[in-house]
Each structure stands twice: as C-alpha cells, then as structure tokens.
Amino acid sequence: MRNISQNHQEKFIKAREMYNADFRLLGDSRVYTADLQKVIMLPRCDTFKEIIFTPRLIAFNESFVPVGTSKTSTAVLWHEAISGRKNADIVSTFYAFLNKIRDSEEVVIWLDNCSGQNKNWCLYTFFVYAVNSLELNIRKITRKIF
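Each residue of the sequence shown is one higher than the last, beginning at 1 in UniProt numbering.
Printed below as a string of structure tokens:
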C-alpha cells in the first residue's frame, strides 16, 4: 500500500511541475485546463416539497480556463434537451472552444483523468481533425493529464 501511495505522490509532484512549467510558457502557445463541471439542476428550489412536484432540467458546463491570469475563461453551456454528456457531446464543446481560439498555432490542454470524457477515441480523432482543418490555424494540440 505504501508503494502505491508513494507512486501516486511522485506522479502528482511531476504533474504539478509540468503544470507550473506550462504556466511560465510564453509565446503564441496557449495553455488551458478543461473540465466538465458538476451538473446544474434547474430550476433551483429552496424547499423539498417544491422539488418533488417540479420538473427539472439538467444543465451541463464544460469550462476551459487559461493557466495564468491574463486570458479569459470560456464556458460552454448546454442542457439535456439539446444534448447529453456522451463522447460526441464533449467533443462538440472542444470544437466550440477551439473555434474561439482558432488563430493560435499551439494549444496545451490539461484534462482530468475521466476516461469517459477525456480519454476516448472520439476526442483524439477530433484533435487530428482540428490540426488538419482549414478552419483553424492550430498546428499542434498537446493533451496532458492531471
């Protein structure tokens, strides 16, 4: 058990060092963290009795937050009537985000370790499409895992 804990701690320290190095990265590169936030149940109700009899809508929020303080964050919002949170739905948020920063030549994206959202062939195939697309100026996408 101790070896597993030490191994995890070593990986954490190495990832944090790489994250800090990306923070200091200058030039045309853009470094972001991306994460699917906790679902939001709408409408929000204060009393339990109102919740039982109120139909609710689930809203999703994929956030793209720049590493550092000088750039603007991007939130891609949608609700369950539009789409869910399957692989293709998450990829569509990356498409919207990369379209927003389409003039960058290099993008570094830090992702969490969620295999259903961030470690799938749908996302990897989209990254290949984005790099080869004429719509975007992006020539390199680096995906890093926390």
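A virtual CB, placed ideally from N, CA and C, is assigned to each residue, including glycine.
Opposite residue i in the DSSP bridges: which residues?
i, result
"L77", "N61"
"Y32", "P66, I109"
"L42", "L57"
Among the options, whose alpha-carbon lies nearest the alpha-carbon of residue i?
i, options, result
"W78", "D89, G68, K71, T72", "D89"
"L36", "S133, L111, W121", "L111"
"S115", "K86, Q9, M18, T142", "K86"
"T125", "Y95, N20, K38", "Y95"
"K38", "Y19, E62, R16, N120", "E62"
Mind checking which residues open and close the alpha helix (DSSP H) that includes residue i?
i, result
"K100", "87 to 100"
"C114", "Segment: none, C114 is in no alpha helix (DSSP H) and carries neither H nor E."
"residue 221", "No statement about residue 221 is possible, as the shown extent of the chain runs from 1 to 146 and does not include it."
Pop quiz: residue i and residue j are said to be a contact at Cβ under 8 Å. What is the actual Cβ separation, rounded to whole angstroms?
i, j, result
"F23", "V67", "5 Å"
"F64", "Y32", "5 Å"
"I138", "E105", "7 Å"
"R30", "L42", "Not really, about 32 Å apart at Cβ, beyond 8 Å."
"V107", "I101", "7 Å"
"F97", "V76", "6 Å"
"L123", "V91", "6 Å"
"K140", "V131", "7 Å"
Can you say whether residue i is buried or exposed, counting buried as having 16 or more other CB atoms within 10 angstroms of its CB?
i, result
"I145", "exposed"
"D28", "Note on D28: pLDDT 48, under 50, position unreliable in the model; the coordinate value appears next. So D28 counts as exposed."
"N7", "exposed"
"I4", "exposed"
"T142", "exposed"
List the endpoints of the continuous beta strand (DSSP E) containing residue i.
i, result
"T72", "No beta strand (DSSP E) contains T72, which DSSP labels as neither H nor E."
"K144", "140 to 145"
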